[in-house]
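First comes the structure, then the notes that go with it.
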Amino acid sequence: MTTPRTLANRSRYRGGVTTRYRCAACGNLTRFDVVETTTVRSFYHFTVGGDLTVEEADVVATTVESVTCRWCGHGRDVEEIAETA
Ligand SMILES: [Zn+2]
């Protein structure tokens, strides 16, 4: 028998898009404070006893609210890097 707890550990967010950022002011490529809203659809699996396992978490939508450079303390010069696949 598989316990609900181990199943829960297998559920993960799947980030669909990877966007990179660059701060034009200081050249920072690696440290940003990103505020984002993520909408997730999940399968809630309750046991009869009321224990909950959340499975199949799917990111339906992600909206980036703001990106702030860690070093400059503001996001005025932060730009997205276009990924060339
Ligand atoms: Zn910066």
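If you use the working numbering, the sequence shown corresponds to residues 904 to 988, in order. We treat Cβ as the ideally placed atom computed from N, Cα and C, and that holds for glycine. Computed from a predicted structure; not experimentally measured.
Selection Ile984, Ala964, Thr956 and Val937 evaluated against Arg944 yields Ala964 as nearest (Cα-Cα).
Within 10 angstroms of the beta-carbon of Cys926 lie 16 or more other beta-carbons, which makes it buried. Per DSSP, Cys929 lies in no beta strand (DSSP E) segment and is marked neither H nor E. Val970 sits close to Phe935, with the two beta carbons spaced by under 8 Å. Taking C-beta atoms as the reference points, Glu959 and Thr922 fail to come closer than 8 Å.
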